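Student:
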Amino acid sequence: MIVRGHETLLVQGITGRQGTFWAEKMRDYGTRIIGGVNPKKAGTEHLGLPVWGSAVDATSEQRIDVSVLFIPPLGVKGAVLDAVSAGIKKIVVLTEHIPVHDVMYFLSAASEAGTQIIGPNTAGLVTAGECFVGFMPAFNEKVFQPGRVGVISRSGSLGTLVCLNLVQAGLGISSFIGIGGDPIIGTTTRAALDILNNDERTDAVALIGEIGGSMEEEAAELASEMDKPIACFIAGSASPAGKKMGHAGAIVVGNKGSYGGKKQALEAAGVSVVPTPSGIPEVLSEKLAARD
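Structure, rendered in structure tokens:
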């Protein structure tokens, strides 16, 4: 999922502390926030914006392209289903620790409705120079400058580091897609890679993966068919087998989801796998220079 500057955003949970802080940051950056949702404060204003009782109520008055959730774990299922019912086609779920059965339910409902979901447990999305949705530091010019490289990351912190390194190298960022660190998510690494492959602003891709699961191996199948250069860092190379590390999805069983298995699959597909995040800009600079 990529959010563009012309698209409108609804903030579900706008009146809370985090919702208020990040709504202001997003709006100051250029994101077109048209209001928020809090059933207990329907009909009021917050940050000079209207507050509705539900996403359905909001879409009865405004066209809404995207919704972002600043909602506690047990309230996320209802909030997502509300946004899906309202016809919103892009939903960003920032919350972590959502019950797994709730995630499975709302992802299924979203799929049936043709709605895209980023997350859960995502840091959000950034379209450098246009807008951002979530809590990435898009407003920090040392971290985000418009450029040529699309970034995909499970981790918000590692994604921020790689964006910083890319900007320092003079490459800049086209779009950042934080897919989320949970084992069950709405947008996989492969799906995000396909989005950037079809994005005209993106000339190369920086992929930040982690041990656990099979998303990187599945993305390798698509990477083998792509013309855009890809560089990848996989976190967790020193983690012991069978032990969960960091994100809920980062668990290795046998060779499945292992660092070695992911590295082998990606390199066989022509992806450059580097030992540290700082190696990504150098590899992509060389590959882009060779193409140019």
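Take the sequence shown: its position 12, counted from the start at 1, is 1225 in my numbering, and no numbers get skipped. Where a beta carbon is used, it is the ideal one built from N, C-alpha and C, also for glycine. Note that the structure is a prediction, hence the values are computed from the model and not measured.
1. Going residue by residue through the segment 1384–1430, where are the continuous beta strand (DSSP E) segments of at least 3 residues, counting only ones entirely within it?
2. Excluding the 5 residues flanking Met-1428 on each side, which residues of the same chain have their C-beta closer than 6 angstroms to its C-beta?
3. Just list the residues that DSSP pairs Arg-1504 with in beta bridges.
4. Would you check if the distance between the CB atom of Gly-1363 and the CB atom of Ala-1417 is smaller than 9 angstroms?
5. Taking 9 angstroms as the cut-off, decide whether the C-beta atoms of Val-1264 and Val-1305 are in contact.
6. Keeping to the same chain, check which residues put their C-beta closer than 7 angstroms to that of Leu-1384; ignore five residues upstream and five downstream.
7. What is the C-beta distance between Ser-1388 and Thr-1340, in whole angstroms, given that I count them as a contact (C-beta under 8 angstroms)?
8. Assign Lys-1475 to one of two classes, buried (16 or more other C-beta atoms within 10 Å of its C-beta) or exposed (fewer than that).
9. Which residue from Tyr-1472, Ile-1386, Trp-1235 puts its Cα closest to that of Val-1281?
10. Tell me which residues share the same chain as Asp-1315 and place their Cβ nearer than 6 angstroms to its Cβ, disregarding the 5 neighbours each side in the sequence.
11. Of all the options Phe-1446, Val-1380, Val-1269, Arg-1504, which has the alpha carbon lying nearest to the alpha carbon of Glu-1480?
12. Which residue marks the beginning of the beta strand (DSSP E) containing Gly-1523, and which one marks its end?
13. Where does Arg-1367 land, buried or exposed, given buried means 16+ other C-beta within 10 angstroms?
14. Output needed for Asn-1334: all residues of its chain with C-beta closer than 6 angstroms, excluding positions within five of it in sequence on either side, in chain order.
15. Quick one: what's Gln-1231 bridged to in DSSP?
16. Looking only at C-alpha atoms, which of Pro-1252, Thr-1244, Leu-1374 sits nearest to Thr-1228?
17. DSSP on His-1310, reduced to helix/strand/coil?
18. Quick check on this structure: which residue in Tyr-1242, Lys-1355, Thr-1272, Gly-1399 has the alpha carbon closest to the alpha carbon of Gln-1381?
19. Have a look at Pro-1488 and Ile-1311 and give me their C-alpha separation to the nearest angstrom.
20. Does chain B have any CB closer than 9 angstroms to the CB of Ala-1236?
21. Terminal residues of the continuous beta strand (DSSP E) containing Thr-1340?
22. Considering only heavy atoms of the ligand HEM, does any lie closer than 8 angstroms to the CB of Gly-1385?
23. Kindly list the residues whose CB is nearer than 6 angstroms to the CB of Val-1486, restricted to its own chain and excluding five residues on each side of it in sequence; keep chain order.
24. When you compare each of Leu-1377, His-1259, Ala-1419, Asp-1278 to Ile-1390 by their alpha carbons, which one comes out closest?
Tutor: In terms of the structure at hand:
1. 1386–1391, 1417–1423
2. Thr-1401, Thr-1402
3. BP columns for Arg-1504 are empty, so no partner.
4. yes
5. No, these two residues do not count as a Cβ contact at 9 angstroms.
6. Gly-1360, Arg-1361, Val-1362, Pro-1494, Leu-1497, Ser-1498
7. 5 angstroms
8. Buried, because 16 or more other Cβ atoms sit within 10 Å of the Cβ of Lys-1475.
9. Nearest of Tyr-1472, Ile-1386, Trp-1235 to Val-1281, Cα basis: Trp-1235.
10. Lys-1290
11. Phe-1446
12. What the structure shows of the chain is the stretch from 1214 to 1505, and residue 1523 is not part of that stretch, so it cannot be assessed.
13. buried
14. Glu-1309, Gly-1393, Gly-1394, Asp-1395
15. For Gln-1231, which the question treats as bridged, DSSP gives no partner whatsoever.
16. The shortest C-alpha separation from Thr-1228 is found at Pro-1252.
17. coil
18. Lys-1355
19. 32 angstroms
20. Absence of chain B from the displayed structure is noted, only one protein chain being present.
21. 1337–1340
22. Ligands in the displayed structure: none, and consequently the ligand HEM is not present.
23. Cys-1445, Lys-1476, Leu-1479, Glu-1480
24. Of the candidates Leu-1377, His-1259, Ala-1419, Asp-1278, the one whose C-alpha sits nearest the C-alpha of Ile-1390 is Ala-1419.
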